[in-house]
Amino acid sequence: MLILFSFFSLSVSASELWTRYQFTNIEVPAPSNVNTLYEDSLGQIWVGADSGLYRIYNNEIQKISHGPQSAIEHFLKSGTASIWLATDDGVWHWQAQTNNFTPLTCQSEQSFGQLIEHPRLGLVALAHSGVYQLTENKTCRKLSFDGLPESSRVERLVMYDKRLILAVRGHGLFQCSEECIKVQAFAPDLVDTRVREMVVFNSVLYVGTHKHGFYWLNNQGKVQRHWHKNAVNESENFVLPVNGVMALLPTEQSIWAGLWAGGLQQFDTKSGNKISSSQFYAPDTSSIGGKHVRALLKSSNGTFYVGHENGVSIILPAYNQQGWIGLANNFQAGFSHNNVYSLYYHKSSWIAGTSSGGLYSIGHFDNEIQHLSPSSPSPLDLPTKSVWQITPSQRGDLLLGTSNGVIRLNPNTLDWSVFGHVSQFASADVYSLTEAPDKTLWLSLWEGGIARLDQNGEMIGQWSRNDGLQQNTSVAITSTAENQIFALNQAGLFRYDSEQDKFVSSNLNNPQNSCADIEHINTDPSGQLWALCQHKSLWRLKDSLWENIVLPTTDPILSIFPSSEENGLNNEQLFLLSENSVFALDKNGQLIWQQQRLPIKDTAIIRRASVIGKELVIATNQGLYRQKLDIPVHETPASAPLISGIRVFNKTWEITHTASKALPPISSPDIYQGQLQLNYDQDLITFEFAMPGYHHKPIQNFEYRLLPFDKKWLKTAENEAKASYTRLPPGNYLFEAKALAFEGLPSATFQIEILPPWYLTWWAKALTLFAAAASVLAIIVARTRRLKQSNLWLKERVEERTAELKQANNMLQQAANQDALTGLLNRRGFRNLCDPNWTQWKGKVALMIADIDFFKQVNDQYGHQLGDEVLVTCAQRLKSQAGDHDLIARWGGEEFLILLRDDPITSFESLKLRAQQFQKVIGKTVMELSSENLNVSITAGICDHQGQSFDACLQQADQKLYDGKKSGRNRMVE
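In structure tokens, the structure reads:
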């Protein structure tokens, strides 16, 4: 359910500061106008745009290349596993069972804008030239309606209360009964109104118009409610910013209206009052991505999709169950710069400092916001734009570390004054500061070391990298109850030694553990120092000794922050923030409570956090987030991964009457119903898989396996959701794929049967045996007198037949172990030769995996035929470098696997030199191909077999391969 939680009101004025939707925007290739959205039974999100047909997979928009290529205007459900599409190039039908798009065209009309299912007429299509009845046998009949104004144009259709409602341009609404012979006027209040959208929900007809907002009509055509631009005279809660309504989506809780040049509006279904207004604001990437909203969709898991002139904007429920303040715009109060670096809570107000937008005071209850910056009117003209840290002083005011020195701020009156003499600082940029128990102020200066001021702001001393700090910039400085000063920088943690008047290293170690990489330090209200190591280890300084605290979770800890004095006297001393939870610890590091935390955008960097009562507020580079911890988190289940396509010989597989057919039908909406039969000669099979729709978690890797071919799960490369297999032996297989980011979801599955060649079928074998038996019988009957000669002849014939069968079996075995294109071993053949000897080859062999650089570009630019020539040429050059004991295989796609073995045995260094020759021979000379001369190179990784398993050694070599790809390609990584 897409609602904003209880501290949200029903408007978006400054007084409801936290009420705002965060959008995730996806661009659609130009022309980018999105006209329609649809979710099928598998959770696939279909996008119809002026530039063609798309689906949202793996958090990306993907073009459907084998479907209609013209503008898509409307989707209509057809059964459980098929869709009708209205396009500028006719009506099309997609069937999951065959993965085919079939055109259903009219001779008199090609461009259609809407489809509906009529109980008597069946499929009805709306075009500029009129209304048409379509049938699956490709007949097309134009319908005429008695009673419509002459030369009128029908612009919208809807079935309402067993009646067909027609929106006629310039003449309002008309209705006809189920027989639909004669039409009558409907909704007299909408005469002469141009209607752009009609939607029926819960027996209510919602009508969006061109210039009059939108209406709620009852079944008699009477207006029950009217939302429009001039509604301020009736009710401010019914006001629209503009009157052009292009899309409507009513739900149980909300009515969503997509406007022309007005963005997205949300109203309460029961009361009709406005809930939110989302309008396009170009500088804010979290605002809705377009002004002209033409399509709306709420998916089965609660995700909300909005189609407009620039693509699709998405409201993820995970992001919008909490308050958020982002950039200010013409429609919403907020920050001038939303990179919030510092945060402090004082007496019902949040004090937030930004990196370049000054300081903000935000009322916790009244939501009043005040801005202090150099451009603000006096007395709010704070002399700095950058406020890095806010800390309370012992005299009751706040100390601000800024890019212009230290500022004292009265949080009640917002009066301020500069503290200290900035001209004496080695750097005016105070990145962190702390007030010690002796009331002296310690400053961490950006590229200026550490400075210490007395109570009057006079300089006591300064320390730099030469005084033990090793670096001049410390990211944090803090003090303990024992008046100890600690500074953290990239070189480590340092403590001020007053006797030596310098900083000394403070290592986190004890007899059991140690830490060399400290992420955060903080002092709790009792003055006790805490340190977070590598996001997974928590340390406490007790009696001058570091103590390792057992964490209450195995999740990485993103941040630690102390309890606020505003929480009163309780046991909460320290809070931990992980990706999924917030934890409260007492002074001994024992868990007091744990609450689930709502996710924020993966691009948001956490700067500070604070817990006040039962609310969590997080400062990030994208603004402030606010979550009520006592409200249960509404989980939005993700759709299960699915097999999104099958490619054979790198072409989308479509079932026709001449192609291999699916296995016997089963009740499944999956593509090809989740099963196929393929011939043995269709030897390159690619499975494409996806997470349908958009999700708040990044989707980068999948795991897959083909049973019984693969012994374990294999991991895809990042952002590559496909797996290819070549020359699979005849048999039955089960392919499975799962998304690593979503544990607990069922795997996508697909059954496939590889049919054997004719000579290995059961009837061919039976016929061969029958013929052999008949021949033997004929010989015995005809030549009984020459039994010895006949027996000898029969023996020779049997031996000949046996040799033929053995040769056929050898041919089959060779075909099963050899790559048809390159003549190299395939994956199966390589493993068959390698696995039995792998253990005894320890220390004697090296495993090298190589991948052709930019091979996809070769295929894309020159075609797959030239790509095949490149593969064959690479194979020939590799074989030219092979020794008598080496093994070379085409491992898959553009990858080659090489086992290097010398006899007599040499050192690994010698094998590495030979591996380098393999790598260099590919790019040594230009490849002279049939139509082009190309420079081709490979990147390779090598593993020394020192007793690890074959798969572990392959994984090491593969990782080095990817390291080589990242570092520039055309190299071998040892």
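Residues are numbered in this note's numbering as their position in the sequence shown, beginning at 1, plus a constant of 172. Positions of the beta carbon are idealized from the N, C-alpha and C atoms, including for glycine.
Euclidean distance between Cα positions of residue i and residue j
i	j	result
Y844	C348	40 angstroms
V820	Q849	12 angstroms
N904	H1036	29 angstroms
K833	T940	In this predicted model, K833 has a pLDDT of only 49, less than 50, meaning its place in the structure is not dependable enough to derive any value.
L1043	L748	53 angstroms
L746	L723	12 angstroms
S250	E408	41 angstroms
A1124	G529	52 angstroms
P455	N309	52 angstroms
L835	I228	With a pLDDT of only 49 at L835, under the threshold of 50, the placement of this residue in the model should not be trusted; the figure read from the coordinates follows. Their Cα atoms are separated by approximately 28 angstroms.
K519	S677	38 angstroms
R1062	N1105	23 angstroms
K823	F273	15 angstroms
P734	Q642	28 angstroms
T888	Q241	30 angstroms
G1015	S1079	8 angstroms
S599	W496	34 angstroms
Y477	N390	28 angstroms
T270	W711	60 angstroms
P321	L431	28 angstroms
Residue i vs residue j beta-carbon contact at 9 angstroms
i	j	result
S450	S459	yes
V602	Q561	yes
Q493	H806	yes
L1164	I622	Any question about residue 1164 goes unanswered here, given that the chain covers just 173 to 1146.
C278	V296	no
T921	L906	yes
M1020	A1112	yes
E199	G865	no
V647	Q627	no
L276	I288	no
A909	T858	no
P413	G380	no
P841	A268	yes
A781	V789	yes
G699	A653	yes
I534	S521	yes
R366	R341	yes
M331	V303	no
Residue i burial status per 10 Å Cβ neighbour count (16 or more: buried)
i	result
F537	exposed
M983	exposed
H300	exposed
T830	Low confidence applies here, because T830 scores a pLDDT of 42, under 50, leaving its location unreliable and the question unanswered by this model.
I632	exposed
A339	buried
D1164	Outside the modelled stretch of the chain, which goes from 173 to 1146, sits residue 1164, for which no answer is possible.
C705	buried
E744	buried
H400	buried
Counting only runs that start and end within the segment 992-1048, where is the alpha helix (DSSP H) found for 4 or more residues in a row?
Given a length threshold of 4 residues, each whole run of the alpha helix (DSSP H) inside the segment 992-1048 is given here in chain order: 999-1006, 1027-1034.
Does the structure place the segment 507-514 close enough to the segment 522-530 that three or more beta carbon pairs sit under 8 angstroms?
yes
Is it true that the segment 1023-1032 meets the segment 996-1010, where meeting means three or more beta-carbon pairs spaced less than 8 angstroms apart?
Too few Cβ pairs lie closer than 8 angstroms, so no.
Taking 8 angstroms as the cut-off, does the segment 906-917 touch the segment 935-955 (at least 3 CB pairs, one atom from each stretch)?
No: fewer than three Cβ pairs fall under 8 angstroms.
What ranges does the beta strand (DSSP E) occupy inside the segment 1076-1137, keeping only unbroken runs of at least 3 residues that lie completely in it?
Runs of the beta strand (DSSP E) lying entirely within the segment 1076-1137 and spanning at least 3 residues, in chain order: 1110-1116.
Segment contact flag, the segment 578-596 with the segment 549-568, C-beta cutoff 8 angstroms, min 3 pairs
Yes, the segment 578-596 is in contact with the segment 549-568.
At which residue ranges does the segment 293-359 contain complete beta strand (DSSP E) runs of 3 or more residues, listed in the order of the chain?
294-299, 302-306, 312-315, 326-332, 335-340, 344-348, 356-358
Please determine if the segment 1119-1133 and the segment 1084-1102 are in contact, where contact requires at least 3 C-beta pairs separated by less than 8 angstroms.
no
Does the pairing of the segment 494-509 with the segment 465-482 give three or more beta-carbon distances under 8 angstroms?
no
Quick test of the definition: if touching needs 3 or more C-beta pairs under 8 angstroms, does the segment 852-868 touch the segment 809-823?
Yes, they touch.
Kindly provide the ranges of any beta strand (DSSP E) runs that are 3 or more residues long and lie completely inside the segment 881-950, ordered along the chain.
894-898, 903-911, 920-927
What residue ranges within the segment 475-509 form continuous beta strand (DSSP E) runs of no fewer than 3 residues, ordered along the chain?
Along the length of the segment 475-509, whole beta strand (DSSP E) runs at least 3 residues long occupy 476-480, 483-487, 495-497, reported in chain order.
Taking 8 angstroms as the cut-off, does the segment 746-766 touch the segment 701-721 (at least 3 CB pairs, one atom from each stretch)?
yes
How do the segment 583-601 and the segment 532-552 stand: do at least 3 beta-carbon pairs fall below 8 angstroms, yes or no?
yes
In chain order, which beta strand (DSSP E) runs of at least 3 residues are fully inside the segment 797-830?
814-820
Those runs of the beta strand (DSSP E) which lie wholly inside the segment 747-771 and span at least 3 residues:
753-757, 763-768
Count Cβ pairs between the segment 471-487 and the segment 766-775 that sit closer than 8 angstroms; are there 3 or more?
No, the segment 471-487 is not in contact with the segment 766-775.
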